[in-house]
Amino acid sequence: MKNLLPFLMIAFVTISCSNEIEESYLQNDLLKEQNSNIAVTKQKETSTRVAKVSQIKTRANGDIVDDELVVVYGSDRTETAKRGKIALKSAAAAKFGLPQGVYVVEYLICYKNVYKPGYDIWSEESQKCGYKPSQDFVLGNSSIALTKDRGYEEPASNARELKTFVLHVVSDLYGRRMDRYDPCTPKDIEWKYSISPQ
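First residue of the sequence shown? That's 344 in this note's numbering, and the numbers climb one at a time after it.
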């Protein structure tokens, strides 16, 4: 019996080390590894989709792009598009913090350089910007600055600059300097836009 016990142990070890059993374990390990790779791959795709959802924007032309929101302040240059003597009624004058009267008013176009090589520019809602430029604006309108939408002109493809306008009350008719702006001064304009790789 004592001789039989070592023989049985050797036989048991030999049987347990056979190729069939090893292949079975190897296949199971390989399947587990493949399954874990699949699970990881699916998890990565899911998390990538979730991350992109917050970055995806649908634009007017139907493109879906990854983009980055940019916020900058001030203007790089201004142009006086129109200048005239305007009679401001009480509601319009109140926007400038002035009494009703006749004032010298400028229509200032403010520009911001947004060019970044290899990127497209997309407009965003920009409620702390100036007013959106429009062709129907008449500087002599007695309701000046009461019905304008804030923002900037929709950028063209490959835009280099954005533009908005502000109204500037320069002086009264006696030449007293007023220096009042509506909706804000050019240095306080907040531009919000998105950029995406081309």
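Glycine included, C-beta positions come from ideal geometry on N, C-alpha and C.
At the C-beta level, residue 447 and residue 514 come within 8 angstroms of one another. Exposure of residue 423 is indicated by the presence of fewer than 16 other C-beta atoms within 10 angstroms of its C-beta. Distance between residue 537 and residue 409, taken at the CA atoms: about 10 angstroms. Put simply, of 432, 431, 450, 459 the residue whose alpha carbon is nearest the alpha carbon of residue 540 is 459. Residues 466 of the same chain have their beta carbon placed closer than 8 angstroms to that of residue 497, with the five preceding and five following residues left out of the count.
Per the C-alpha coordinates, the member of 526, 532, 531 positioned closest to residue 438 is 526. Per DSSP, residue 471 lies in no alpha helix (DSSP H) and is assigned neither H nor E. Counting along the chain, residue 424 sits inside the beta strand (DSSP E) bounded by residues 420-431.
In this structure, residue 462 sits away from residue 504, with a CB-CB distance that is not shorter than 8 angstroms. Contact check for residue 418 against residue 529 passes: the beta carbons are separated by less than 8 angstroms. Note on geometry: alpha-carbon atoms of residue 502 and residue 464 lie some 6 angstroms from one another. A direct Cα-to-Cα measurement between residue 452 and residue 412 gives close to 24 angstroms.
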